[in-house]
Amino acid sequence: MTAKRGRTKIAGGGAQLGALISNAELQDVVFLELQAVRQGVEDVSQVEQPDVPMKVWYRAGEGQIQVRCRLEIQTDDAHFMADAVADFAVEGNLPTDDSVQQGFTQRIGVAVVYPYLREAVHDMARKMGVDPPILSLIAETLEALHPTLKEA
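230 is the number of the first residue of the sequence shown in my numbering; add one for each residue after it.
What follows is the structure, given as structure tokens:
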């Protein structure tokens, strides 16, 4: 599949996007990786910082669409990374138009995965005994992060 990179604006709607949203059902959210490195244990300043705090990918085909989000946050106390994927079953025909799949990813997929990522980062900070980073709500995140989308 072709990789698409760069900043994107929030995709528009349309009848196909509405149908995809109506026909998609969340099956599962699975974490692929969780990591927290405390300052002083390992030199967190040496950890390479991402160009954007959250990256987003999607993969669609054969009656399913998967949305993966990776959140990386650096604080004074620690470096956090949480990576999770949401798997949606799609009833009926899956639209093949990239803009429809991107619209679904941005409007539904990220909105489903992001709360899991926020909770994971907060939980890791609590377990490490450091102040948890305050992460914005999803609406602010979509506006501010301009997620990088690419087909995985």
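Even for Gly, the Cβ is constructed at its ideal location relative to N, Cα and C.
Looking from the CA of Q264, the closest CA among L366, G358, V350 belongs to V350. Sequence-distant partners of P282 (beyond 5 residues in either direction) whose C-beta falls short of 7 Å from its own C-beta, in its chain, are L300, E301, I302, L374. Inclusion of Q331 and Q293 in the CB contact set at 9 Å is not warranted, their separation being larger than that value.
L249 carries a helical assignment under DSSP once its states are collapsed to helix, strand and coil. Measuring C-alpha to C-alpha distances from G358 to each of G290, R267, Q335, Y343 identifies R267 as the nearest.
Between the alpha carbons of Q295 and D360 lies a distance of about 32 Å. For L346, the three-state secondary structure derived from DSSP is helix.
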